[in-house]
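Peer 1: The structure's right below; bear with me while I get my questions together.
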Amino acid sequence: MQIKLKLGKLAAGFGLASFVALGTMSAPVAAQTKPNVVILATGGTIAGAGASALNSATYAAAKVPVDKLLAGLPELANVANVRGEQVAQIASESFDNETLMKLGKRVSALVKQADVDGIVVTHGTDTLEETAYFLSLVIRTSKPIVVVGSMRPGTALSADGALNLFNAVSVAGSKDAAGKGVLVTMNDEIQSGRDVAKTINIKTEAFKSQWGPLGMVVEGKNYWFRAPVKRHTAQSEFNIDEFEALAPVDIVYSYGNVPRTLVDTTGKSGVKALIHAGTGNGSVANRVVPALQEVRAKGVQVIRSSRVADGFVLRNAEQPDDKYDWVVAHDLNPQKARILAAVALTKNIDSKQLQRIFWEY
Ligand code: DAS
0 MQIKLKLGKL
10 AAGFGLASFV
20 ALGTMSAPVA
30 AQTKPNVVIL
40 ATGGTIAGAG
50 ASALNSATYA
60 AAKVPVDKLL
70 AGLPELANVA
80 NVRGEQVAQI
90 ASESFDNETL
100 MKLGKRVSAL
110 VKQADVDGIV
120 VTHGTDTLEE
130 TAYFLSLVIR
140 TSKPIVVVGS
150 MRPGTALSAD
160 GALNLFNAVS
170 VAGSKDAAGK
180 GVLVTMNDEI
190 QSGRDVAKTI
200 NIKTEAFKSQ
210 WGPLGMVVEG
220 KNYWFRAPVK
230 RHTAQSEFNI
240 DEFEALAPVD
250 IVYSYGNVPR
260 TLVDTTGKSG
270 VKALIHAGTG
280 NGSVANRVVP
290 ALQEVRAKGV
300 QVIRSSRVAD
310 GFVLRNAEQP
320 DDKYDWVVAH
330 DLNPQKARIL
340 AAVALTKNID
350 SKQLQRIFWE
360 Y
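Written as structure tokens, this is what we have:
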């Protein structure tokens with residue numbers, strides 16, 4: 000197949016020299032058969048800009064508005080009819096519960112529209128995994144929802160945002176992506192929003208799940224190898240239409256020499272649950288155990304997660320959870336455990352219900 004390559008003009012949205020492949024590429028799908036995908040932009044590196052093409056790690060996040068992102072990627076028209084909305088314009092380390100709720104409410108409203116076939120959320124990578132998991136818990140839909148970011152700004156050499164976004168829109172418009180929970184497309188992989196985490200902070204291959212990706216997307220085609228088994232989206236017992244705020248839940252990180260005061264302080268801050276990011280299999284320092292017991296006695300749920308990235312916390316292994324009435328976070332990392340507890344505790348449930356929820360979601 001003879002394809003003539005021509006250096007395109009600087010693409011406004013991604014600020015990068017885009018190569019426009021001409022010649023015998025497949026013609027765009029006719030408009031009436033293309034899916035309608037709405038892109039909700041929140042900021043991050045995918046909307047970032049650096050001073051030069053050599054700045055792949057030094058740049059400002061959350062600078063390029065969604066209309067410029069889309070204008071810089073005309074190839075999206077090959078796979079979907081797209082329109083964009085700017086829900087926020089922040090680096091995702093600054094996300095908070097209010098921003099999560101605002102985004103979730105907008106997603107919930109859009110998926111109810113018959114003329115919306117799929118949703119893409121562009122997002123900073125730092126807390127992308129938390130947002131993806133949150134949406135998988137509270138959006139009652141089987142329509143594809145794909146969260147996407149980038150590790151390099153669009154102005155950098157070999158920027159990853161353009162293809163990540165193209166892949167996200169392609170997957171969000173795919174019928175075979177329906178019912179698989181909230182997805183994350185990064186680095187050609189299709190990851191489960193529940194399982195994926197940012198594991199490397201300086202490479203484009205940054206997002207991993209210990210259970211593996213669900214599949215890959217290559218040139219607009221999805222290749223699936225597994226499907227989620229945990230509850231999500233349409234099968235969730237949670238619905239963002241039924242609550243207005245997340246429950247306050249915070250995390251205490253454990254390490255050698257950790258004082259009990261971190262737990263004492265957090266336990267008195269008004270949280271409904273405390274996530275203990277323990278060492279090893281969710282272990283708790285002996286001087287911190289009484290502090291957690293006192294927090295539990297005040298009615299705050301205690302949830303044992305682990306600072307170790309992979310594996311899962313076993314109930315009654317490193318601590319007598321039954322005796323202390325504590326919950327284990329299973330394979331969820333501390334930040335995901337916080338999201339699940341913050342959603343679950345919008346309902347009036349006891350620790351046994353909470354533990355069931357941690358097994359099922
Ligand atoms: N600060 C990071 C964020 O917004 C940049 C990024 O990787 O998106 O999450």
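Following numbering that gives the first Met the number 0, the numbering of the sequence shown begins with 0 at its first residue and continues without gaps.
Positions of the beta carbon are idealized from the N, C-alpha and C atoms, including for glycine.
#1: Alpha carbon to alpha carbon, how far is R295 from E188? Give it in angstroms, no decimals.
#2: Output yes or no for whether 8 Å exceeds the beta carbon distance between Y132 and I356.
#3: Does the separation of the CB atoms of T232 and V181 fall below 8 Å?
#4: Count the other CB atoms, across all protein chains shown, that sit within 10 Å of the CB of G47; report buried if there are 16 or more and exposed otherwise.
#5: In three-state terms, what does DSSP make of E128?
#6: For the alpha helix (DSSP H) that contains S350, what are its first and last residues?
#7: When the Cα of K271 is compared with those of Q300, G255, T32, S305, which residue comes out closest?
#8: List the whole-angstrom C-beta distance separating R139 from S235, where the pair is believed to meet the contact cut-off of C-beta under 8 Å.
#9: In angstroms with no decimal places, state the Cα-to-Cα distance between L136 and V65.
#10: Are there 16 or more other CB atoms within 10 angstroms of the CB of G22, so buried, or fewer, so exposed?
#11: On a CA-only basis, which of G49, G123, V168 is nearest V362? Give me that one, please.
#12: Given this structure, state the Cα-to-Cα distance separating V145 from L331, to the nearest angstrom.
#13: Using a threshold of 7 Å, is the CB atom of M150 nearer than that to any non-hydrogen atom of the ligand DAS?
#14: By Cβ distance, which residues of its chain are closer than 8 Å to K351, with the 5 residues on each side in sequence left out?
#15: What would DSSP say about M24, mapped onto helix, strand or coil?
#16: Under 8 Å: do the stretch 172–179 and the stretch 98–112 share three or more Cβ pairs, one atom per stretch?
#17: Mark T184 as exposed unless 16 or more other C-beta atoms lie within 10 angstroms of its C-beta, in which case mark it buried.
#18: List the endpoints of the continuous beta strand (DSSP E) containing G279.
#19: Measuring alpha carbon to alpha carbon, tell me which residue in G269, T198, H275, L162 is nearest K207.
#20: Return the bridge partner residues of M185 from the DSSP annotation.
#21: For my contact list, E359 and K229 are in at a C-beta cut-off of 8 Å; report their separation, rounded to the angstrom.
#22: Could you check the C-alpha separation between I274 and N77 for me, to the nearest Å?
Peer 2: Looking at the coordinates:
#1: Position 189 of the sequence shown, counted from the start, is the residue given in the question as residue 188. Position 296 of the sequence shown, counted from the start, is the residue given in the question as residue 295. Cα to Cα, the separation comes out at about 41 Å.
#2: Translated into the one-based positions of the sequence shown, residue 132 becomes position 133. Translated into the one-based positions of the sequence shown, residue 356 becomes position 357. Contact flag unset, no.
#3: Counting from one through the sequence shown, the residue named residue 232 turns up at place 233. Counting from one through the sequence shown, the residue named residue 181 turns up at place 182. Cβ atoms of T232 and V181: closer than 8 Å.
#4: Here the question's residue 47 lines up with position 48 in the sequence shown. Burial call: buried.
#5: Locating residue 128 in the sequence shown gives position 129, where the first residue counts as 1. In the structure shown, E128 sits in a helix (DSSP, three-state: H, G or I).
#6: Taking the sequence shown and counting its residues from 1, the one referred to as residue 350 is at position 351. From DSSP, the alpha helix (DSSP H) with S350 extends over 350–359.
#7: Here the question's residue 271 lines up with position 272 in the sequence shown. That would be Q300, whose Cα lies nearest to the Cα of K271.
#8: By one-based count along the sequence shown, residue 139 stands at place 140. By one-based count along the sequence shown, residue 235 stands at place 236. Indeed they touch by this definition, with Cβ atoms about 7 Å apart.
#9: Counting from 1 along the sequence shown, the entry for residue 136 is found at position 137. Counting from 1 along the sequence shown, the entry for residue 65 is found at position 66. Using only the alpha carbons, I get a separation of about 26 Å.
#10: On the sequence shown, residue 22 is found 23 positions in, with the first residue counted as 1. Note that G22 scores 43 on pLDDT, short of 50, meaning its location in the model is unreliable; the coordinates nonetheless yield the value given after this. Looking at its Cβ environment, which holds fewer than 16 other Cβ atoms inside 10 Å, G22 is exposed.
#11: Examination of residue 362 is not possible in this model, given that the chain is present from 0 through 360 alone.
#12: Within the sequence shown, numbered from 1, the residue matching residue 145 stands at position 146. Within the sequence shown, numbered from 1, the residue matching residue 331 stands at position 332. When rounded, the distance between both Cα atoms is 20 Å.
#13: Your numbering for residue 150 matches position 151 in the sequence shown. For the ligand DAS, at least one heavy atom lies less than 7 Å from the Cβ of M150.
#14: As a first step, residue 351 is located in the sequence shown; it is residue number 352 there, counting from the start. The answer is none, since no qualifying residue turns up.
#15: Position 25 of the sequence shown holds residue 24. Low confidence applies to M24: its pLDDT is 45, below 50, so where it sits in the model is not reliable, and the reading given next is rough at best. Of the three classes helix, strand and coil, the one that applies to M24 here is coil, per DSSP.
#16: no
#17: Along the sequence shown, one-based indexing puts residue 184 at 185. When all chains shown are included, T184 counts as buried.
#18: Here residue 279 is taken as the residue at index 280 of the sequence shown, counted from 1. It is not in any beta strand (DSSP E) - G279 carries neither H nor E in the DSSP assignment.
#19: Residue numbering aside, residue 207 sits at position 208 when the sequence shown is read from its first letter. Answer by Cα proximity: T198.
#20: Numbered from 1 along the sequence shown, position 186 holds the residue referred to as residue 185. Partner(s): E188.
#21: What you label residue 359 is simply residue 360 of the sequence shown in a count that begins at 1. What you label residue 229 is simply residue 230 of the sequence shown in a count that begins at 1. Correct: roughly 7 Å between the Cβ atoms.
#22: Taking the sequence shown and counting its residues from 1, one reaches residue 274 at position 275. Taking the sequence shown and counting its residues from 1, one reaches residue 77 at position 78. Their Cα atoms are separated by approximately 45 Å.
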